[in-house]
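Participant: One structure, pasted below without further comment.
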Amino acid sequence: MEKKETKKTGLLLVALFLGYTMVYIDKLSVGYSLIPISTEFGLEPAAKGMIMSAFFLGYAIMQIPMGLVINKVGSRVVLIGSVLGMGLFSFLFGFGTSLIMFMSLRFLTGLLAHSGYASSASKEVTMNFSPEKRTFAQGILLSSSGVAGFIGPLALSPIITNAGWKNAYLILTALAVAIAIFLIIAIPRNEKRKEQAEAVATKTDKISILVIWSDIRVWILFLSSFFINCLLYGLSSWVPSFLTGERGLDLNGAAVISSVGGLFMLIGSIGGSYVVGRFFQHKEKAIVAITAILGALSAFGSYYIANLVLLSIVMGLANFFLIISFVTMMSIPLRIFEGAKFAPSYGTLATGGILGGFVSPTLIGKLVELSNGQYISTFIFFLVVGLLTAVTIMFIKQK
5 MEKKETKKTG
15 LLLVALFLGY
25 TMVYIDKLSV
35 GYSLIPISTE
45 FGLEPAAKGM
55 IMSAFFLGYA
65 IMQIPMGLVI
75 NKVGSRVVLI
85 GSVLGMGLFS
95 FLFGFGTSLI
105 MFMSLRFLTG
115 LLAHSGYASS
125 ASKEVTMNFS
135 PEKRTFAQGI
145 LLSSSGVAGF
155 IGPLALSPII
165 TNAGWKNAYL
175 ILTALAVAIA
185 IFLIIAIPRN
195 EKRKEQAEAV
205 ATKTDKISIL
215 VIWSDIRVWI
225 LFLSSFFINC
235 LLYGLSSWVP
245 SFLTGERGLD
255 LNGAAVISSV
265 GGLFMLIGSI
275 GGSYVVGRFF
285 QHKEKAIVAI
295 TAILGALSAF
305 GSYYIANLVL
315 LSIVMGLANF
325 FLIISFVTMM
335 SIPLRIFEGA
345 KFAPSYGTLA
355 TGGILGGFVS
365 PTLIGKLVEL
375 SNGQYISTFI
385 FFLVVGLLTA
395 VTIMFIKQK
């Protein structure tokens, strides 16, 4: 019986991992597709930033309501619907013809497709894994950002270059449908009963959002998540443009450097979550602060490196430290929020991260335009938000 349960949880983790990989590839694809799109439609840096930010605006608006939806209909329905939604909007994005259309589709992708996946996946982790295994399980899921960051650029760049950005989105549509089918097979169908039993046990079946918002820990994590995601999404969204613009690389060259960063993220997310989960229980906030500082310094320093091999390594180190900081930060809610409090609490702090993703691309676009195409102000911005992450997280009380 124990082996059967282990097999089920293993299959569940694989399915959730694939869904998360789709999430990150979908986000990553825009940074690469906007390079030919901006040339084809004459988009300025600020317009590119608006397309990227439209996604996060929709994502942010729906985060807190989605936490309540998860409590109502269950995480299984939301997970499957999210991945199918990504496929639908990827298909439609391939037929985009104007700035307004691109912005609208990315807004709807964030609002209806991405908004429920992270909270639902984390809910599945809390229901199916013991507390001491949750940090590592969450780390495995978030390591998908490293897999997507490593494989995504190497796969997307040749497809976009040889087949065109429109065909790239047709391929993403097919990938999303395949992953959704796997989720249908792998996620237990009795989750609603499990969630209700858990809610009764903790006496939190019905809970007001005001109760959630009265917990200061939610808002500390909200701000910390905002700052770290300003850095993470700023890097992932604008590094391709920085490398092809200021550094003069072609799309494939930029993809190689980005994929190195993805490999470092993969190592950091899996290795970091294992080490933190095993050796630094209840010291997570110190790990978040230290790695945020190291990641921000590495990102800032990479601007001044001319050698492309060394640039790849330093940017890789920035991604390595930042993903450890992010994964560790997002494991804290799994330990301090329980029952029906979990989804709306997680949704609230996740909104902070999504707002970081909304603010960062547009702000960077403006900074690049004001600097006449130079990116030094962007890297100063990365340094500042990294330091703010470290300061903010130290106020959290984990017990």
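Heads up: the sequence shown is residues 5 to 403, going by the numbering used here. The beta carbon of each residue, even a glycine, is placed where N, CA and C say it ideally should be.
1) Going by DSSP in three states, tyrosine 36 sits in which element: helix, strand or coil?
2) Taking just the CA atoms, how far does valine 389 sit from phenylalanine 231?
3) Work out the CA separation of tryptophan 223 and glycine 23 for me, nearest whole Å.
4) Measuring alpha carbon to alpha carbon, tell me which of Asn75, Leu47, Phe93 ends up nearest lysine 31.
5) Could you check whether leucine 145 and alanine 125 sit closer than 7 Å to each other, using their CB atoms as the reference points?
6) Would you tell me roughly how many angstroms separate the C-alpha atoms of lysine 170 and phenylalanine 97, rounded to the nearest one?
7) Quick one: which unbroken alpha helix (DSSP H) runs of 4-plus residues sit fully inside the region 255-287? Chain order, please.
8) Quick one: residues in its chain with C-beta nearer than 7 Å to the C-beta of valine 363, no 5 flanking neighbours on either side, listed in chain order?
9) Which of the three DSSP states, helix, strand or coil, is assigned to lysine 401?
10) Output the distance between the C-alpha atoms of arginine 138 and alanine 354, rounded to the nearest integer angstrom.
11) By Cβ distance, which residues of its chain are closer than 8 Å to glycine 405, with the 5 residues on each side in sequence left out?
12) For valine 318 versus isoleucine 309, is the C-beta spacing smaller than 7 Å?
13) Do you know how far the Cα of isoleucine 358 is from the Cα of glycine 252?
14) Scan the region 341-402 and note each continuous alpha helix (DSSP H) run of 4 residues or more that stays entirely inside, going in chain order.
15) Taking Cβ positions, are glycine 62 and phenylalanine 111 nearer each other than 7 Å?
16) Would you identify the three-state DSSP class for glutamate 44, choosing helix, strand or coil?
17) Among residues of its own chain, excluding the 5 on either side of leucine 315, which ones have a beta-carbon nearer than 7 Å to its beta-carbon?
18) How would you call leucine 11, buried or exposed, if buried means at least 16 neighbouring beta carbons within 10 angstroms?
19) Verify whether the separation of the beta carbon atoms of alanine 180 and valine 87 is less than 7 Å.
20) Starting from glycine 85, follow the alpha helix (DSSP H) in both directions and report where the run begins and ends.
21) Count the other CB atoms within 10 Å of the CB of proline 135; is the residue buried (16 or more) or exposed (fewer)?
22) Cα separation between phenylalanine 226 and threonine 177?
23) How would you write the range of the alpha helix (DSSP H) that tyrosine 308 sits in, first residue to last?
24) Straight-line CA distance for aspartate 3 to serine 375?
25) Can you tell me where the alpha helix (DSSP H) holding serine 240 begins and where it ends?
26) Are the beta-carbon atoms of serine 148 and threonine 393 separated by less than 7 Å?
27) Once the 5 residues before and after serine 273 are set aside, which same chain residues still bring their CB inside 6 Å of it?
28) According to the neighbour-count rule (16 or more other Cβ atoms, all chains shown, within 10 Å of its Cβ), is lysine 127 buried or exposed?
29) If you draw a straight line from the C-alpha of glutamine 378 to the C-alpha of lysine 52, how long is it?
30) Measuring only from the beta carbon, is aspartate 219 closer than 6 Å to any heavy atom that is part of the ligand MG?
31) Report back the beta-carbon spacing between isoleucine 55 and methionine 107 to the nearest angstrom; my notes put them in contact at under 8 Å.
32) Helix, strand or coil, according to DSSP, for phenylalanine 2 in the structure here?
33) Count the other C-beta atoms from every protein chain shown that fall within 10 angstroms of the C-beta of glutamate 288, then say buried if there are 16 or more, exposed otherwise.
34) Alpha carbon to alpha carbon, what distance is there between tryptophan 217 and threonine 206?
35) If valine 368 and tryptophan 242 are in contact, beta carbons under 8 Å, what's the gap, nearest whole angstrom?
36) Between the alpha carbons of valine 292 and leucine 187, how many angstroms are there, rounded?
Facilitator: On the basis of the coordinates in this document:
1) In the sequence shown, residue 36 corresponds to position 32, counting from 1. Helix.
2) On the sequence shown, position 227 is the one that residue 231 refers to. On the sequence shown, position 385 is the one that residue 389 refers to. Answer to the nearest angstrom: the Cα atoms are 5 Å apart.
3) What you label residue 23 is simply residue 19 of the sequence shown in a count that begins at 1. What you label residue 223 is simply residue 219 of the sequence shown in a count that begins at 1. Glycine 23 and tryptophan 223: Cα-Cα distance of roughly 28 Å.
4) Here residue 31 refers to the residue found at position 27 of the sequence shown. Nearest C-alpha to lysine 31: Phe93.
5) The residue labelled residue 125 in the question sits at position 121 within the sequence shown. The residue labelled residue 145 in the question sits at position 141 within the sequence shown. Yes, the pair counts as a contact, with Cβ atoms nearer than the cut-off.
6) As a working note, residue 170 is residue 166 in the sequence shown. As a working note, residue 97 is residue 93 in the sequence shown. Their backbone Cα atoms lie some 8 Å apart in a straight line.
7) 255-283
8) By one-based count along the sequence shown, residue 363 stands at place 359. Closer than 7 Å at the Cβ level, and outside the excluded window around valine 363, lie Cys234.
9) Position 397 of the sequence shown, counted from the start, is the residue given in the question as residue 401. Three-state result, lysine 401: coil.
10) For the purposes of this step, residue 138 is taken as the residue at position 134 of the sequence shown. For the purposes of this step, residue 354 is taken as the residue at position 350 of the sequence shown. Arginine 138 and alanine 354: Cα-Cα distance of roughly 18 Å.
11) Residue 405 lies beyond the stretch modelled for the chain, which goes from 5 to 403, so this question has no answer here.
12) Within the sequence shown, numbered from 1, the residue matching residue 318 stands at position 314. Within the sequence shown, numbered from 1, the residue matching residue 309 stands at position 305. A contact, by the Cβ cut-off of 7 Å.
13) Position 248 of the sequence shown, counted from the first residue, corresponds to residue 252. Position 354 of the sequence shown, counted from the first residue, corresponds to residue 358. One C-alpha to the other measures close to 30 Å.
14) 346-374, 380-397
15) Looking up residue 62 in the sequence shown gives position 58. Looking up residue 111 in the sequence shown gives position 107. Yes, Cβ-Cβ distance for glycine 62 and phenylalanine 111 is below 7 Å.
16) Reading the sequence shown from its first residue, position 40 is the one you call residue 44. In this structure, glutamate 44 counts as helix in the three-state DSSP scheme.
17) The residue labelled residue 315 in the question sits at position 311 within the sequence shown. So the qualifying residues of the chain are Ile261, Ser306, Ile309.
18) Stepping through the sequence shown from its first residue, residue 11 is reached at position 7. It is lysine, not leucine, that sits at residue 11 in the sequence shown. The residue in question, lysine 11, is exposed, as its Cβ has fewer than 16 Cβ neighbours within 10 Å.
19) In the sequence shown, counting from the first residue as 1, residue 180 sits at position 176. In the sequence shown, counting from the first residue as 1, residue 87 sits at position 83. For alanine 180 and valine 87, yes; Cβs fall inside 7 Å.
20) Position 81 of the sequence shown, counted from the first residue, corresponds to residue 85. Where glycine 85 is concerned, the enclosing alpha helix (DSSP H) stretches over 79-97.
21) By 1-based counting over the sequence shown, the position of residue 135 is 131. Under this definition proline 135 is an exposed residue.
22) Counting from one through the sequence shown, the residue named residue 226 turns up at place 222. Counting from one through the sequence shown, the residue named residue 177 turns up at place 173. The straight-line gap from Cα to Cα measures roughly 32 Å.
23) Translated into the one-based positions of the sequence shown, residue 308 becomes position 304. Counting along the chain, tyrosine 308 falls outside any alpha helix (DSSP H), and DSSP gives it neither H nor E.
24) Here the chain has residues from 5 to 403 only, and residue 3 is not among them.
25) One-based indexing of the sequence shown puts residue 240 at position 236. Serine 240 -> alpha helix (DSSP H) spans 220-249.
26) Taking the sequence shown and counting its residues from 1, one reaches residue 148 at position 144. Taking the sequence shown and counting its residues from 1, one reaches residue 393 at position 389. Taking 7 Å as the Cβ cut-off, serine 148 and threonine 393 do not qualify as a contacting pair.
27) Position 269 of the sequence shown holds residue 273. For serine 273, where only same-chain residues beyond five positions count, the Cβ hits under 6 Å are Gly143, Leu146, Ser147, Gly150, Ile327, Val331.
28) Working through the sequence shown from its first residue, we reach residue 127 at position 123. Buried: at least 16 other Cβ atoms inside 10 Å.
29) Stepping through the sequence shown from its first residue, residue 378 is reached at position 374. Stepping through the sequence shown from its first residue, residue 52 is reached at position 48. Spanning the two alpha carbons is a distance of roughly 16 Å.
30) Absence of the ligand MG from the depicted structure is noted, as is the absence of any ligand whatsoever, leaving it without description.
31) On the sequence shown, residue 55 is found 51 positions in, with the first residue counted as 1. On the sequence shown, residue 107 is found 103 positions in, with the first residue counted as 1. Right, the Cβ-Cβ distance comes to about 5 Å (below 8 Å), so this counts as a contact.
32) For residue 2 there is no data in the structure shown, the boundaries of the chain being 5 and 403.
33) In the sequence shown, the residue the question calls residue 288 occupies position 284. Buried, because 16 or more other Cβ atoms sit within 10 Å of the Cβ of glutamate 288.
34) The residue you call residue 206 lines up with position 202 of the sequence shown. The residue you call residue 217 lines up with position 213 of the sequence shown. Note that threonine 206 scores 45 on pLDDT, short of 50, meaning its location in the model is unreliable and no value can be drawn from it.
35) Numbered from its first residue, the sequence shown carries residue 368 at position 364. Numbered from its first residue, the sequence shown carries residue 242 at position 238. Looking at the sequence provided, one finds isoleucine at residue 368 rather than valine. That pair is a contact at about 5 Å.
36) Counted from its first residue, the sequence shown places residue 292 at position 288. Counted from its first residue, the sequence shown places residue 187 at position 183. Cα to Cα, valine 292 sits roughly 31 Å from leucine 187.
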